[in-house]
Amino acid sequence: MMKVINNGVPYVNGELCGWADIVVLIGGVPITGITGAEYSDSQVTEPKYGAGRYPVGLGKGRITCSGKLVLYQEEVQALCAQSPTGRLQDLPLFDVIVQYLPNSGIVVTDKIRNISISENARKWKEGDTGQEVEVPIVPSHIEWGKIG
């Protein structure tokens with residue numbers, strides 16, 4: 000029998016994916032000191048006009064990717080140690096793999112490719128008990144939603 004959640008919508012797909020179901024790998028190594036990941040791509044899409052007032056088609060242009068990782072200070076220090084100069088911006092290009100591992104067992108993988116880091120900053124203040132560092136990333140492209 001199908002379960003029903005509070006608002007009357009059938010509980011069709013089971014438990015939904017949450018933060019605890021996500022594994023992030025940098026250079027093939029699972030990262031535990033991560034508290035956030037954002038990544039996106041956008042594409043220039045413009046209407047193209049011909050005869051009449053309405054578009055006769057669409058033109059598609061560049062795809063631009065961006066994102067950020069939120070890492071604990073200790074993870075950032077480990078990354079800095081891999082850089083020839085100690086700067087995050089001087090790391091060789093690397094990939095980040097984000098895997099969604101829900102209870103359904105259907106693994107979905109996003110691959111964020113050829114990442115460069117654009118900024119290395121810290122923000123401390125009195126009373127802080129730890130440091131979460133926002134690391135802006137500049138990927139070349141994203142491979143979305145590979146299943147399996």
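Numbering (numbering that gives the first Met the number 0), first residue to last: 0 to 147. Virtual Cβ for every residue (Gly too), placed ideally from N, Cα, C. Just so it is clear, the structure is predicted and the values come from calculations on it, not from any experiment.
Supposed close pair residue i, residue j - CB separation, criterion 8 Å
i: Val-32; j: Leu-70; result: It should be pointed out that residue 32 corresponds to Gly in this sequence rather than to Val. Between Leu-70 and Gly-32 the Cβ distance is about 6 Å, and since that is below 8 Å, they are a contact.
i: Cys-79; j: Ile-141; result: 25 Å between Cβ atoms; not a contact.
i: Leu-24; j: Ile-96; result: 4 Å
i: Glu-131; j: Thr-34; result: 6 Å
Limits of the unbroken beta strand (DSSP E) element including residue i
i: Phe-36; result: In the sequence on display, residue 36 carries Ala and not Phe. Where Ala-36 is concerned, the enclosing beta strand (DSSP E) stretches over 33 to 48.
i: Pro-135; result: 131 to 137
i: Ile-146; result: 140 to 146
Endpoints, the alpha helix (DSSP H) within which residue i is located
i: Cys-79; result: 72 to 80
Residue of the options minimising C-alpha distance to residue i
i: Pro-29; options: Glu-37, Arg-86, Gln-98 and Lys-59; result: Gln-98
i: Gln-72; options: Gly-144, Lys-145 and Thr-128; result: Thr-128
i: Arg-121; options: Asp-20, Arg-112, Arg-86 and Gly-144; result: Arg-86
i: Glu-37; options: Glu-133, Gly-144 and Ser-139; result: Glu-133
Contacting residues, own chain, Cβ-Cβ under 6 Å from residue i (five flanking each side not counted)
i: Ser-117; result: Pro-135 and Val-137
i: Ile-146; result: Val-107
i: Ile-62; result: Asp-40 and Gln-42
7 Å CB neighbourhood of residue i in its chain, flanking five on each side removed
i: Leu-92; result: Asn-113, Ile-114 and Ser-115
Next item on the list: Assess, as a yes-or-no matter, whether the region 39 to 59 is touched by the region 75 to 94 under the definition of 3 or more beta carbon pairs within less than 8 Å.
Entry: no
Note to self: Can you confirm whether the region 95 to 107 touches the region 11 to 28 when touching is taken to mean that 3 or more C-beta pairs between the two stretches lie within less than 8 Å?
What the structure shows: yes
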